[in-house]
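In full-length UniProt numbering, the protein residues as written are 1 to 216. By construction, the Cβ of each residue, glycine as well, lies at the ideal position given by its N, Cα and C atoms.
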Amino acid sequence: MINLILLGLPGAGKGTASERIVDEFHLAHISTGDMFREAIANETPVGLEAKSYIDNGNLVPDEVTAKLVEERLQQKDTEKGFILDGFPRTTVQAELLEDITKRLDKRLTNVISIDVSEDVLIKRLSARYMCKACGATYNKISNPTKVEGKCDRCGGSEFYQRDDDKPEVVKNRLEVNKKMNTPLKDFYDKKGILSSVNGEQTPDKVFEEIYDILKK
Ligand code: AP5
1 MINLILLGLP
11 GAGKGTASER
21 IVDEFHLAHI
31 STGDMFREAI
41 ANETPVGLEA
51 KSYIDNGNLV
61 PDEVTAKLVE
71 ERLQQKDTEK
81 GFILDGFPRT
91 TVQAELLEDI
101 TKRLDKRLTN
111 VISIDVSEDV
121 LIKRLSARYM
131 CKACGATYNK
141 ISNPTKVEGK
151 CDRCGGSEFY
161 QRDDDKPEVV
171 KNRLEVNKKM
181 NTPLKDFYDK
191 KGILSSVNGE
201 QTPDKVFEEI
211 YDILKK
């Protein structure tokens, strides 16, 4: 059983790695960013609350985010293992997650940090684009569609840039997340379940390192 947290700054490749991990290990993928974007699109109360934080590159309050994760972790598909992508992001969220996993009897097995330097992240985020139909993520520089203008996954031909990938928002997102990243890594290092991978390699190589950790 693998119950995994993927840590990493915005653009580190958590979503990209999650896709491959899900294919290989068949885990439930829980991305708080995706959950918030869906809630915003559906104009739910959580979505309406989250929108102003996300649009400005700030974090949604800890309790709101933790409640969403607790509800998601109660769903059946998480019983065979899960990946938390983008949660926790603060030590308060990490403490709340400790309580949640105890309550639900779903012990964390691995925490993997994908490490990438800030200048690489800025370049990556400004070059990221998404398929409008299926949400697949691409990158103009490092990971374009195989056929120009056609989504590899669904064949869609319309793409968009995330609002929070615009340069003025990216700067604040990185600042906010950088402050939290080291304490969070220390938190899991002390528990003896933290591993780190070099996120500045190709996505295939990043996945190979993660695969080796998870197979142990
Ligand atoms: P979220 O959607 O989680 O954004 P994020 O953490 O900023 O992460 P990203 O999705 O931007 O990046 P990623 O690491 O998944 O990278 P990706 O694989 O796409 O959260 C959005 C917002 O929601 C937050 O700002 C916050 O407001 C709110 N929120 C979410 N969780 C929260 C929480 N727990 N608490 C409070 N608020 C929360 O890759 C990036 C690009 O690089 C892509 O173009 C990809 O193709 C490319 N790429 C990936 N890997 C590689 C590689 N190895 N080499 C080259 N290019 C690569």
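Can you give me the C-alpha to C-alpha distance between residue i and residue j, rounded to a whole angstrom?
i: Lys178; j: Val116; result: 11 angstroms
i: Asp99; j: Ile213; result: 25 angstroms
i: Leu4; j: Ser126; result: 28 angstroms
i: Pro88; j: Glu175; result: 17 angstroms
i: Thr32; j: Asn58; result: 14 angstroms
i: Glu168; j: Ser52; result: 15 angstroms
i: Gln93; j: Thr202; result: 30 angstroms
i: Asp105; j: Glu95; result: 15 angstroms
i: Tyr188; j: Val111; result: 7 angstroms
i: Tyr211; j: Asp77; result: 21 angstroms
i: Ile83; j: Ile21; result: 8 angstroms
i: Lys166; j: Ser195; result: 31 angstroms
i: Glu71; j: Glu19; result: 22 angstroms
i: Glu209; j: Lys215; result: 10 angstroms
i: Glu24; j: Arg107; result: 21 angstroms
Thinking residue i and residue j are a contact (beta carbons under 8 angstroms), I'd like their distance in whole angstroms, please.
i: Asp62; j: Thr90; result: 6 angstroms
i: Leu6; j: Asn181; result: Not confirmed; about 13 angstroms, so no contact.
i: Val64; j: Glu49; result: 6 angstroms
i: Leu121; j: Gly11; result: 4 angstroms
i: residue 238; j: Asn172; result: Residue 238 is absent from the structure shown; the chain starts at 1 and stops at 216.
Starting from residue i, follow its DSSP beta bridges and name the residues at the other end.
i: Ser113; result: Leu7 and Ser196
i: residue 293; result: One cannot answer for residue 293 here, as it falls past the ends of the chain, which runs 1 to 216.
i: Leu84; result: Ile5 and Ile30
i: Tyr160; result: Met130
i: Lys150; result: Val147
Considering only residues of the same chain and omitting the five flanking positions on each side of residue i, which have a CB-CB separation below 6 angstroms?
i: Gly47; result: Ala39 and Ile40
i: Leu97; result: Pro88
i: Val60; result: Ala50 and Tyr53
i: Ala136; result: Cys151 and Arg153
Enumerate in chain order the residues of its own chain whose CB-to-CB distance from residue i is below 8 angstroms, with the five nearest sequence positions on each side excluded.
i: residue 225; result: In the structure as shown, the chain begins at 1 and stops at 216. Residue 225 is therefore absent and cannot be evaluated.
i: Thr145; result: Tyr138, Cys151 and Asp152
i: Gln75; result: Ala28
i: Glu118; result: Leu9, Leu174 and Lys178
Taking 7 angstroms as the limit between beta carbons, can you name the residues of its chain near residue i, skipping five residues before and five after?
i: Gly149; result: Ser157
i: Val206; result: Gly13, Ala17, Ile114, Val197 and Gly199
i: Leu68; result: Thr32, Met35 and Val46
i: Met1; result: Gly81 and Thr109
Spell out a yes or no on whether the region 154-164 and the region 125-142 are touching, meaning 3 or more CB-CB pairs, one atom from each, closer than 8 angstroms.
Enough Cβ pairs lie closer than 8 angstroms, so yes.
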